[in-house]
Amino acid sequence: MKGVSYRRYGGPEVLEYGEVRDPKVGPDQVLVAVRAAAVNPVDWKCREGYLDAVLDAVFPVVPGWDVSGVVVRPGASVTEFAAGDEVIGYCREDFLSRGTFAEYVAAPVRTLARKPRNLSFEEAAGLPLAGLTAYQVLVKVLEAGRGETVLVHAAAGGVGSLAVQIAAHLGARVIGTASEHNHDYVRGLGGEPVTYGEGLAGRVRALAPEGVDAVFDTVGGDTLKTSVNLLAPEGRLASIADPEVVSHGGRYFFVRPDAEDLDALSRQAEEGVVSVHVQEAFPLERAADAHRLNQEGRTRGKIVVTVGRRSGEGGEG
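Residue numbers (the working numbering): 462 to 778.
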């Protein structure tokens, strides 16, 4: 099959488009014909070797953890899906090798849910990793609730944009940091935008003089340090970007595949609670360009690569 892979750690130039090995389908896996796969910051961090201490790389590595596509064949023990079902997945395993930047992926059934019917394949591909991150942090870690004030950093990005929508749905007041050209976008998601950078603390304090009840940090570093001083008494802090959050009494979090949570997100998408903005879609053979754009760190919503049939076309029966 056609796919993208890398044989060593490095920059976007190590990504090669061509023939890759066909996936074997284990008893607890589902063979999915990939229609689209989202790019996430963790993809290029894996490609550059930053996660080598925790994830073995079995080269050549096919990158990508997010997928939307059509079930071709379920494994022998899988009863949840049948051929022709449209699915989404956060297909992370505890090693790097068989990702979603290819025509097919053998996805563990525990990573899959049904695709929201109202989203295109491109939009749906952007939901799993970013959406699960936002959902699990807000619901299970920060336990954000009605009447609280939640500060979301990088509110126009992939995770941040979904976090704003989910927090608002939970009944929270949401303040979101973003560059000025993204302020209207953040307002449209249900948040109150503030410009990040120098003076951020004062701008947030102007909106929340008593402090915020919860902070969702997606940036780390100085932004994390600033956030600590913006918390109200008994406020909660979580970061997906900086383990130093633990030293400030917060929680460092890495998203996990969870079919039940992903089903909940899929239902929220169908109900109009959350939407996914796709900034740009690249054909699979231009995956290196998609990585480069994501690595610039100025993405509004998601960047995806497309595979096979275009959005809206039928699946395999």
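We treat Cβ as the ideally placed atom computed from N, Cα and C, and that holds for glycine. The structure presented is a predicted model; accordingly, all values stated were derived computationally and were not measured.
Per DSSP, Gly619 is one residue of the alpha helix (DSSP H) stretching across Gly619 to His630. For Tyr657, there is no enclosing alpha helix (DSSP H), as DSSP marks it with neither H nor E. Minimum Cα-Cα distance from Pro670 among the listed residues Glu659, Asn690 and Gly652 corresponds to Asn690. Going by C-alpha positions, Lys463 is about 11 angstroms away from Val523. For Pro521 and Pro488, the gap between their C-alpha atoms comes out near 24 angstroms.
Gln490 is bridged by DSSP to Pro569. Around the beta-carbon of Asn579, fewer than 16 other beta-carbon atoms lie within 10 Å, marking it exposed. Judged by pairs of C-beta atoms under 8 angstroms, the region 606-623 touches the region 632-651, as three or more such pairs exist. By a beta-carbon distance limit of 8 angstroms, Gly769 contacts Glu564. Their separation comes to about 6 angstroms.
For Pro718, the closest of Gly658, Val625, Arg747 and Ala591 by C-alpha to C-alpha distance is Ala591.
Distance from Thr687 to Ala497 at the Cβ level is roughly 36 angstroms; contact not present, criterion being Cβ atoms closer than 8 angstroms. Shown here, Lys601 sits in a helix according to DSSP, grouped into three states. Linking His709 to Ala742 through their CA atoms gives a straight-line distance of about 39 angstroms. Distance from the Cα of Asp674 is smallest, within the candidate group Val665, Gly682, Val680 and Gly681, for Val665. Judged by pairs of C-beta atoms under 8 angstroms, the region 652-659 touches the region 625-638, as three or more such pairs exist. Listed in chain order, the alpha helix (DSSP H) runs fully inside the region 635-705 are 644-650, 661-668 and 683-689, counting runs of at least 4 residues. Shortest Cα-Cα distance from Tyr596 to any of Val707, Arg759, Ile764 and Ala730 involves Ala730.
Lys576 is classed as buried because its beta carbon has at least 16 other beta carbons within 10 Å across all chains shown.
With a cutoff of 9 angstroms on beta-carbon distance, Val737 and Gly758 are scored as not near each other. Within its own chain, the residues whose Cβ lies closer than 7 angstroms to the Cβ of Val680, once the five positions on either side in sequence are excluded, are His614, Ala615 and Ala702, listed in chain order. Taken through DSSP and simplified to helix, strand or coil, Leu593 comes out as helix. Under the DSSP definition of a beta bridge, Tyr467 partners with Val522.
When the alpha-carbon of Asp527 is set against those of Gly510, Arg534 and Gly587, the nearest one is in Gly587. A residue is called buried when at least 16 other Cβ atoms come within 10 angstroms of its Cβ; Arg634 meets this threshold and is buried.
Rounded to whole angstroms, Tyr657 and Ser640 show a C-alpha spacing of 6 angstroms. Rounded to whole angstroms, the gap between the alpha carbons of Leu612 and Arg712 is 15 angstroms.
Under a 10 Å Cβ-count criterion, Tyr511 is classified as exposed, with fewer than 16 other Cβ atoms of the shown protein chains found around its own Cβ. Comparing alpha carbon positions, the residue from Gln756, Gly672 and Gly682 closest to Gly696 is Gly672.
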